[in-house]
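Undergrad: Protein chains in written order, with this note's numbering: chain A, 70 to 396; chain B, 70 to 396.
A virtual CB, placed ideally from N, CA and C, is assigned to each residue, including glycine.
Keep in mind the model is a prediction, meaning the values are calculated, not measured.
There are 2 protein chains.
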Amino acid sequence: MNHEPILIGIDAGGTSTRALLTDDRGQCLGYGVGGRGNPISAGPDLAAEGVLGAVRAALAIAGRELSEVSHVVAAMAGMRASGDDAWLRDRLVAEGFTGVLSFEADLLATYFSGSAADFGYALVSGTGACVIRVRAGRIDGTGDGLGWLLGDRGSGFWIGHSIARAAVQDLDGTGPRTALTDRVLAHHGLARTVQRREGRPDELERLVGLLYASPPIELAGLAPLAFEESDAVASGILAEAGIHLADTLSAVLAGPGPLVVGGSVLSRTGPVREAFLARLGERAEGLELRPVGDGAVGAAMLAVRAAGGTPDAAILDRLTVSISAFR
Amino acid sequence: MNHEPILIGIDAGGTSTRALLTDDRGQCLGYGVGGRGNPISAGPDLAAEGVLGAVRAALAIAGRELSEVSHVVAAMAGMRASGDDAWLRDRLVAEGFTGVLSFEADLLATYFSGSAADFGYALVSGTGACVIRVRAGRIDGTGDGLGWLLGDRGSGFWIGHSIARAAVQDLDGTGPRTALTDRVLAHHGLARTVQRREGRPDELERLVGLLYASPPIELAGLAPLAFEESDAVASGILAEAGIHLADTLSAVLAGPGPLVVGGSVLSRTGPVREAFLARLGERAEGLELRPVGDGAVGAAMLAVRAAGGTPDAAILDRLTVSISAFR
Chain A
70 MNHEPILIGI
80 DAGGTSTRAL
90 LTDDRGQCLG
100 YGVGGRGNPI
110 SAGPDLAAEG
120 VLGAVRAALA
130 IAGRELSEVS
140 HVVAAMAGMR
150 ASGDDAWLRD
160 RLVAEGFTGV
170 LSFEADLLAT
180 YFSGSAADFG
190 YALVSGTGAC
200 VIRVRAGRID
210 GTGDGLGWLL
220 GDRGSGFWIG
230 HSIARAAVQD
240 LDGTGPRTAL
250 TDRVLAHHGL
260 ARTVQRREGR
270 PDELERLVGL
280 LYASPPIELA
290 GLAPLAFEES
300 DAVASGILAE
310 AGIHLADTLS
320 AVLAGPGPLV
330 VGGSVLSRTG
340 PVREAFLARL
350 GERAEGLELR
360 PVGDGAVGAA
370 MLAVRAAGGT
380 PDAAILDRLT
390 VSISAFR
Chain B
70 MNHEPILIGI
80 DAGGTSTRAL
90 LTDDRGQCLG
100 YGVGGRGNPI
110 SAGPDLAAEG
120 VLGAVRAALA
130 IAGRELSEVS
140 HVVAAMAGMR
150 ASGDDAWLRD
160 RLVAEGFTGV
170 LSFEADLLAT
180 YFSGSAADFG
190 YALVSGTGAC
200 VIRVRAGRID
210 GTGDGLGWLL
220 GDRGSGFWIG
230 HSIARAAVQD
240 LDGTGPRTAL
250 TDRVLAHHGL
260 ARTVQRREGR
270 PDELERLVGL
280 LYASPPIELA
290 GLAPLAFEES
300 DAVASGILAE
310 AGIHLADTLS
320 AVLAGPGPLV
330 VGGSVLSRTG
340 PVREAFLARL
350 GERAEGLELR
360 PVGDGAVGAA
370 MLAVRAAGGT
380 PDAAILDRLT
390 VSISAFR
């Protein structure tokens, strides 16, 4: 029997969950993926299933049991403040877990997926958009992350929403023509018509009906269309997204450091990134951009810390290299 | 028994419904108010109750029966295209109605509440925002009215949404300070605290939670706060609303004419109106602004037309004067 401490870092997201099984030196022993893991968006039962699914898969690959795990760190949005962890703790205990469960912010896991430095920044622009400043290994400043209705400026939702509005305003005559319109219509299975009602094309009424029939957050699904076009409207939306992300980062900037970048909007090179850097100007000096795919490695770094270890650059490197054998 | 044709014009809205009983010369015989009358937002049963309530009240004041009414015109948003009028027709018939029921757009009723001219414009900015161009007494151009998620730029929702975003960005540090923030906090029963979590004030988290707990459209309720403040952020929001409304109007402008104005945003003098006129510049020449309170008179004008009459300026004047005895 192996008595070295084994740890699990969980990156629980709104659409999927990743679990990384590691020893306390950052050697990845197993890795698993599960379903939706955020209890706020998915509900506690479904979220627990998503997390457990990822955990079971990681343990199975390693041939280990949950009873051997000393620390589980679950990184997810919005769970740190709630304090009520029974939805997950009870399920883990039922499967033999006797160790310590703790929660961390998803953005802190993103940060530690790309940096082991005590000071730096993480900026995520996926469906939502949020920035944190990390000091002494803890979050001490936050910008945006205010959700689709109140913030998330420069996020995938923000881009998709801007695309939808540009398309309906084009069809409506209150906005400029854009090639995005045909893409948005095609995305919704609609074609242009010559039918007009009270001066409006029929496809506008149909498109508006379809867009209101889905939850607003699904507008984020339109975001890729802006990256496939290069007319003035599409380019303008992407440039504005970059400017918003730069302004959000600027609100927490307090000196040079690593800037870990999560989410697909800013991770890729192109118009958003260019506008982002142009807007930052001199403030971009001393920021080292480090795109990361997800927060699994960072959650494992936080599990090492929870177990009393020091998640330094060597452990980050080891986790980053050793996880690659599993995914 | 009186054999002159009597008509009912109904202005059915999302929060209340007005019914105007008139003869074919525009003499108001009765007037009643009922509850929510739009079947799309209230559901058909509740909407029918709202409409019937207004109709019964108008008939009761005049001492008349529904069986005596030859034409009912119901003006409401979104009902012209649907064609399915059983939700209201069946209820009217059950109370003795044997005449002709027809539907018109709410904005056309707004227009005819302020003008009898064949050509002109109606611009409504209440919770939503929409403009129509009227030609030969029919709508032949429409701008915006695309709803809170996709349009309604310059509406009460748009203003309230801008206020909410300004407040959370102030608290978040990603936007400028504004006196609106204390008003928004007070509006939600919150006070400022010195508690910070990850660099954020506790009241931000509470405010965001409360704002997401209600349907987005309720943000329109914050709009009055901008009219009570005069700092740069509040003034900027109102000026931008005026610019949006001017741009929406510009999309359908095709020469001088009456501009009937509905909804509280542009009806009052002040920063929105000033920015609106400044943005229009020379294009405002030849536009006669005519604020109206609701669409009841216009719905009655449309009922006169439905009955084969000509709703001219004399009938508009008679309706406008004679209704005042009832409300």
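(1) Would you kindly work out how many angstroms separate the C-alpha atoms of PRO360(B) and ALA315(B), rounded to a whole number?
(2) Consult DSSP for LEU76(A) and reduce its assignment to one of helix, strand or coil.
(3) Under the assumption that GLY95(A) contacts LEU388(A) (Cβ atoms under 8 Å), give the Cβ distance between them as a whole number of angstroms.
(4) For chain B, find out if any of its Cβ atoms is closer than 8 Å to the Cβ of GLU272(A); answer yes or no.
(5) Looking at the secondary structure, which residues open and close the beta strand (DSSP E) in which HIS140(A) lies?
(6) Figure out for me which residue from VAL138(A), ASP114(A) and GLY82(A) has the closest Cα to the Cα of ALA376(A).
(7) Does the beta carbon of ARG269(B) sit closer than 8 Å to a beta carbon anywhere in chain A?
(8) Which residues bound the beta strand (DSSP E) around ASP241(B)?
(9) Could you give the distance in angstroms between the alpha-carbon of LEU307(A) and the alpha-carbon of ARG246(A)?
(10) Mind reading off the beta-carbon distance from ARG125(B) to GLY101(B)? Whole number of angstroms is fine, and I expect it under 8 Å.
(11) Of the choices THR84(A), ASP114(A) and LEU121(A), whose alpha-carbon is the least far from that of ILE77(A)?
(12) Rounded to the nearest angstrom, what separates ALA310(A) and LEU259(A) at their Cα positions?
(13) Contact check, ALA127(B) vs LEU89(B) under 8 Å by CB: the rounded distance?
(14) CB VAL169(B) to CB LEU318(B), shorter than 8 Å?
(15) Shortest alpha-carbon distance to VAL193(B) belongs to which of ASP154(B), GLY223(B), PRO285(B) and ILE384(B)?
(16) Name the residue from ALA368(A), ALA292(A) and ARG265(A) whose alpha carbon lies nearest to the alpha carbon of ALA146(A).
(17) Measure the CB-CB distance between ALA233(B) and GLY244(B) and report whether it falls below 8 Å.
(18) Taking ASP239(A) as the reference, which of LEU276(A), ASP209(A), ARG204(A) and GLY216(A) has the closest Cα?
(19) Is the separation between the beta-carbon of GLY197(B) and that of GLY214(B) shorter than 8 Å?
(20) Run down chain B in chain order and give the residues with a C-beta less than 9 Å from the C-beta of TYR281(A).
(21) Measure the alpha-carbon distance for LEU161(A) versus PRO74(A) and round it to whole angstroms.
(22) With distance defined between alpha-carbon atoms, name the residue in ALA174(B), THR262(B) and ARG204(B) nearest to PRO325(B).
(23) Return the residue from the list GLY242(B), ILE384(B), VAL263(B) and GLY278(B) that minimises the CA-CA distance to HIS257(B).
(24) Quick check: what's the CA-CA separation for SER299(B) versus GLY339(B)?
(25) Give me the subset of the segment 283 to 295 of chain A whose CB atoms are less than 7 Å from a CB atom of chain B, sorted by chain position.
(26) Starting from ILE312(B), trace the alpha helix (DSSP H) in both directions and tell me its first and last residue.
(27) Can you say whether SER184(A) is buried or exposed, counting buried as having 16 or more other CB atoms within 10 angstroms of its CB?
(28) Any residues in the segment 234 to 259 of chain A with a beta carbon nearer than 8 Å to a beta carbon of chain B? Which ones, in chain order?
(29) Determine, using beta carbons only, whether GLY216(A) and ALA292(A) come nearer to each other than 8 Å.
(30) What number of angstroms, rounded off, separates the C-alpha of ILE38(B) from the C-alpha of PHE188(B)?
(31) Which residue spans inside the segment 322 to 386 of chain A form an unbroken alpha helix (DSSP H) run of at least 4?
(32) Out of curiosity, what's the CA-to-CA distance linking LEU135(B) and VAL141(B)?
(33) How far does the alpha helix (DSSP H) with ILE286(B) in it extend, from its first residue to its last?
(34) Could you tell me whether the Cβ atoms of LEU329(A) and ALA129(A) are closer together than 8 Å?
(35) Quick check: what's the CA-CA separation for GLU173(B) versus LEU349(A)?
TA: This is what the structure holds:
(1) Translated into positions along the second sequence, residue 360(B) becomes position 291. Translated into positions along the second sequence, residue 315(B) becomes position 246. Rounded to the nearest whole angstrom, the CA to CA distance from PRO360(B) to ALA315(B) is 16 Å.
(2) Along the first sequence, one-based indexing puts residue 76(A) at 7. In this structure, LEU76(A) counts as strand in the three-state DSSP scheme.
(3) To locate residue 95(A), count along the first sequence from 1; it is residue 26. To locate residue 388(A), count along the first sequence from 1; it is residue 319. The Cβ separation is near 4 Å, so the contact holds.
(4) Along the first sequence, read from residue 1 onward, the residue named residue 272(A) stands at position 203. Taking Cβ atoms only, chain B never reaches closer than 8 Å to GLU272(A), which makes this a no.
(5) For the purposes of this step, residue 140(A) is taken as the residue at position 71 of the first sequence. Element bounds for HIS140(A): 138 to 145.
(6) Position 307 of the first sequence, counted from the first residue, corresponds to residue 376(A). Looking at the Cα atoms, VAL138(A) is the closest of the given residues.
(7) Translated into positions along the second sequence, residue 269(B) becomes position 200. With 8 Å as the cut-off, ARG269(B) counts as an interface residue toward chain A.
(8) For the purposes of this step, residue 241(B) is taken as the residue at position 172 of the second sequence. Here ASP241(B) belongs to no beta strand (DSSP E); instead the alpha helix (DSSP H) covers 225 to 241.
(9) Within the first sequence, numbered from 1, the residue matching residue 307(A) stands at position 238. Within the first sequence, numbered from 1, the residue matching residue 246(A) stands at position 177. Using only the alpha carbons, I get a separation of about 17 Å.
(10) Counting from one through the second sequence, the residue named residue 125(B) turns up at place 56. Counting from one through the second sequence, the residue named residue 101(B) turns up at place 32. Yes, ARG125(B) and GLY101(B) are in contact; Cβ-Cβ is about 7 Å, under 8 Å.
(11) Against the first sequence, residue 77(A) aligns to sequence position 8. Nearest C-alpha to ILE77(A): LEU121(A).
(12) Along the first sequence, one-based indexing puts residue 310(A) at 241. Along the first sequence, one-based indexing puts residue 259(A) at 190. Roughly 27 Å separates the two Cα atoms.
(13) Along the second sequence, read from residue 1 onward, the residue named residue 127(B) stands at position 58. Along the second sequence, read from residue 1 onward, the residue named residue 89(B) stands at position 20. Confirmed, about 7 Å.
(14) Taking the first residue of the second sequence as 1, we reach residue 169(B) at position 100. Taking the first residue of the second sequence as 1, we reach residue 318(B) at position 249. At least 8 Å separates the beta-carbon of VAL169(B) from that of LEU318(B).
(15) Taking the first residue of the second sequence as position 1, residue 193(B) is located at position 124. Looking at the Cα atoms, GLY223(B) is the closest of the given residues.
(16) Position 77 of the first sequence, counting from 1, holds the residue named residue 146(A). The shortest C-alpha separation from ALA146(A) is found at ALA368(A).
(17) Working through the second sequence from its first residue, we reach residue 233(B) at position 164. Working through the second sequence from its first residue, we reach residue 244(B) at position 175. No, they are not a contact pair.
(18) Here residue 239(A) refers to the residue found at position 170 when the first sequence is read from its first residue. Closest by alpha carbon: LEU276(A).
(19) Reading the second sequence from its first residue, position 128 is the one you call residue 197(B). Reading the second sequence from its first residue, position 145 is the one you call residue 214(B). Yes, they are a contact pair.
(20) To locate residue 281(A), count along the first sequence from 1; it is residue 212. Within 9 Å Cβ-Cβ: GLY216, LEU218 and LEU219.
(21) Numbered from its first residue, the first sequence carries residue 161(A) at position 92. Numbered from its first residue, the first sequence carries residue 74(A) at position 5. LEU161(A) and PRO74(A) have their C-alpha atoms some 17 Å from each other.
(22) Taking the second sequence and counting its residues from 1, one reaches residue 325(B) at position 256. The option with the nearest alpha carbon to PRO325(B) is ARG204(B).
(23) Taking the second sequence and counting its residues from 1, one reaches residue 257(B) at position 188. Nearest C-alpha to HIS257(B): GLY278(B).
(24) Looking up residue 299(B) in the second sequence gives position 230. Looking up residue 339(B) in the second sequence gives position 270. Cα to Cα, SER299(B) sits roughly 11 Å from GLY339(B).
(25) PRO285
(26) Your numbering for residue 312(B) matches position 243 in the second sequence. Start and end: 301 to 319.
(27) Against the first sequence, residue 184(A) aligns to sequence position 115. Burial check for SER184(A): the Cβ neighbour count within 10 Å reaches 16 or more, so the residue is buried.
(28) ARG234, VAL237, GLN238, ASP241, GLY242 and THR243
(29) By one-based count along the first sequence, residue 216(A) stands at place 147. By one-based count along the first sequence, residue 292(A) stands at place 223. No. Outside cutoff.
(30) Given a span of 70 to 396 for chain B in the structure shown, any question on residue 38(B) remains unanswerable.
(31) 333 to 336, 340 to 349 and 365 to 375
(32) Numbered from 1 along the second sequence, position 66 holds the residue referred to as residue 135(B). Numbered from 1 along the second sequence, position 72 holds the residue referred to as residue 141(B). For LEU135(B) and VAL141(B), the distance between alpha carbons rounds to 10 Å.
(33) Translated into the one-based positions of the second sequence, residue 286(B) becomes position 217. Where ILE286(B) is concerned, there is no enclosing alpha helix (DSSP H), given that its DSSP letter is neither H nor E.
(34) Numbered from 1 along the first sequence, position 260 holds the residue referred to as residue 329(A). Numbered from 1 along the first sequence, position 60 holds the residue referred to as residue 129(A). According to the sequence shown, residue 329(A) is Val rather than Leu. Contact flag unset, no.
(35) Your numbering for residue 173(B) matches position 104 in the second sequence. Your numbering for residue 349(A) matches position 280 in the first sequence. Computed Cα separation, rounded: 53 Å.
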